[in-house]
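Encoded as structure tokens, the structure appears first; notes follow it.
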């Protein structure tokens, strides 16, 4: 598994090639790229703050959980922080497996986890000033579908 | 939508960049790469035969169906034919959307469709000679989950 | 009428494509299968068990009761295995 | 004990990180929240409604009844919005 939390942009093509290079037992590579949306929402830029160390630590646990659920070959996760503009890449998740069902399910599982558990916070810049983005109920509900052991506790903190 | 059925290899990174270039309303890019598996299965190479024209024609229909189900921005499908070696890329599907749930679902839908409806046939080369790969019940079952209008009829042909 | 064969059906029939002029009583895909079986032992073998094969008329999947006309493109093939 | 604040909590508290020595009666995360609220109006405001915030102890999510020791790293933050 490779997990990077970084300021710099990344190259999805290079990551995808690296994950499957020289492997003849990997039939499926499922991947996800998250991009900054802007314009329509009036967002001119955003700054991603994070909790260094906690993401990496939590990702190790969630990857173990994914491996218990599905037969995976490899996992790559990259999450950027810092100031980003609309259209910029924020996050990359790729999963390789012998079969596509496992690759798709594990990739979506990891993306849901990143959205709902990884300690990142978005500060949006708009014409009216900057504001911290509120968490979406929808994201929490999606993550709860998986009933993960490492859930972000709700309510009573 | 872009759909290519081709002999040559493709560059997933270039495709992914093209799909999201200059778009600030696309929040999510879900993609899938299918690779030839070998070694463990005793397969030294395979040749993909196809029905030129039918895939492209059917893909237009299935993409329309995907667009009715999910709000999609763009779709790219590449499927190779000809002789391929273990580790070679066979197929690429990428979907862009404002939100990840739609991108993931539509991408998996299109891959299932390609597996179960697109007119391609694999001839595997093994130590014992070459053999046509039989369709998997599992693939048909996965495609039936979607209950598509353009199903490959079973049984009575 | 253009008739195409793919994968192992092509091997059994001995060709991937033939231009045919079925008699007027061939009105459906099922009629065509019956008529093709009489053309050669290879045709008969390839089309022996319709539960093992799939067909398309003008590049759309079709069932045995699908009506045919002289200008149609018909294809016979095993269940697909791409992706 | 190292205490970290992220996003809008950091703004209200006025710092992202402080090294603190809570009294012995602070045995749980809940006790710590109560004690922190007395440190400044900013702390009180940031930690006023625990339903709006999340916490981690040693980089694992934790609930209010989580026990604490002097060497722990504790973090308070809003529900996450990454990805």
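Protein chains in written order, with the numbering used here: chain A, 7 to 163; chain B, 7 to 163; chain C, 72 to 154; chain D, 72 to 154.
From the three backbone atoms N, C-alpha and C, an ideal C-beta is built for every residue, glycine too.
Computed from a predicted model, the values in this text were never measured in an experiment.
Is residue j closer than 7 Å to residue i when the C-beta atoms are compared?
i: residue 1 (chain A); j: residue 32 (chain B); result: Past the boundaries of the shown model lies residue 1 (chain A); chain A is included only from 7 to 163, so the question cannot be answered.
i: residue 100 (chain D); j: residue 135 (chain D); result: yes
i: residue 85 (chain C); j: residue 113 (chain C); result: yes
i: residue 83 (chain C); j: residue 117 (chain C); result: yes
i: residue 88 (chain A); j: residue 13 (chain A); result: yes
i: residue 146 (chain C); j: residue 75 (chain C); result: yes
i: residue 115 (chain C); j: residue 108 (chain C); result: yes
Using a Cβ-Cβ cut-off of 8 Å (strictly less than) and excluding sequence neighbours within five positions of residue i, which residues of its own chain qualify?
i: residue 78 (chain A); result: 72, 101, 102, 103, 108, 109 and 112
i: residue 149 (chain D); result: 77, 78, 79, 80, 123, 124 and 125
i: residue 96 (chain B); result: 40, 41, 42, 54, 85, 86 and 90
i: residue 162 (chain B); result: Because the pLDDT of residue 162 (chain B) is 49, which lies under 50, any placement of that residue in the model is unreliable, and the question is left without a value.
To the nearest whole angstrom, what separates the beta carbons of residue i and residue j, a pair I think is in contact under 8 Å?
i: residue 39 (chain A); j: residue 115 (chain A); result: Their Cβ separation, rounded to whole angstroms, is 16 Å, which puts residue 39 (chain A) and residue 115 (chain A) out of contact at 8 Å.
i: residue 151 (chain C); j: residue 51 (chain B); result: Rounded, the Cβ-Cβ distance is 20 Å, inconsistent with contact.
i: residue 22 (chain B); j: residue 18 (chain A); result: 5 Å
i: residue 133 (chain B); j: residue 44 (chain B); result: The pair is not a contact, with the Cβ atoms about 12 Å apart (cut-off 8 Å).
i: residue 106 (chain B); j: residue 117 (chain A); result: 6 Å
i: residue 126 (chain A); j: residue 153 (chain D); result: 3 Å
i: residue 7 (chain B); j: residue 62 (chain B); result: Not quite, the Cβ-Cβ distance comes to about 10 Å (not below 8 Å), so this is no contact.
Suppose the cutoff is 7 Å on Cβ atoms and the five residues either side in sequence are ignored; what does the same chain contact list for residue i look like?
i: residue 139 (chain B); result: 128 and 130
i: residue 137 (chain D); result: 99, 100 and 128
i: residue 76 (chain B); result: 103, 108, 111 and 112
i: residue 133 (chain C); result: 100, 126 and 127
i: residue 155 (chain B); result: At residue 155 (chain B), the pLDDT of 41 sits below 50, so the modelled position is not reliable; the number obtained from the coordinates is stated separately. Once the five neighbours on either side are set aside, the close Cβ partners of residue 155 (chain B) are 71.
i: residue 135 (chain B); result: none
i: residue 9 (chain B); result: 62, 65 and 83
i: residue 89 (chain C); result: 74
Less than 6 Å between C-beta atoms, sequence neighbours within five positions excluded: which residues of the same chain meet that for residue i?
i: residue 30 (chain A); result: none
i: residue 144 (chain D); result: 73 and 129
i: residue 36 (chain A); result: 101, 109, 110 and 113
i: residue 137 (chain A); result: 130
With distance defined between alpha-carbon atoms, name the residue in the options nearest to residue i.
i: residue 129 (chain D); options: A:69, A:57 and A:105; result: A:57
i: residue 110 (chain D); options: D:94, D:133, D:142 and D:148; result: D:94
i: residue 15 (chain A); options: A:86, A:67, A:118 and A:61; result: A:86
i: residue 34 (chain B); options: B:64, B:12 and B:80; result: B:80
i: residue 139 (chain D); options: D:120, D:123 and D:98; result: D:98
i: residue 122 (chain B); options: B:136, B:142 and B:135; result: B:142
i: residue 91 (chain B); options: A:28, A:94, A:68 and A:95; result: A:28
i: residue 93 (chain B); options: A:61, A:26 and A:67; result: A:26
Check your understanding: Given a limit of 9 Å on CB to CB distance, which residues of the segment 95-107 of chain C reach chain B?
Key -> 100, 101 and 104
Review point. Which residues, in order along the segment 29-43 of chain A, keep a beta-carbon less than 9 Å from a beta-carbon of chain B?
Key: 29, 30, 31, 32, 33, 34, 35, 36, 37, 38, 39, 40, 41, 42 and 43
Exercise for review: Could you list the residues in the segment 103-132 of chain C with a C-beta less than 7 Å from some C-beta on chain B, going in chain order?
Suggested key: 121, 122, 124, 125, 126, 127, 130 and 132
**Study point:** Interface positions of the segment 63-84 of chain A facing chain B (Cβ-Cβ less than 8 Å), listed along the chain
**Key:** none
Review point. Got a sec: which bits of the segment 123-135 of chain B sit with their beta carbon under 8 Å from any beta carbon on chain C, in order along the chain?
Key: Those residues of the segment 123-135 of chain B that come within reach of chain C (Cβ to Cβ, closer than 8 Å) are 123, 124, 125, 126, 127, 128 and 129.
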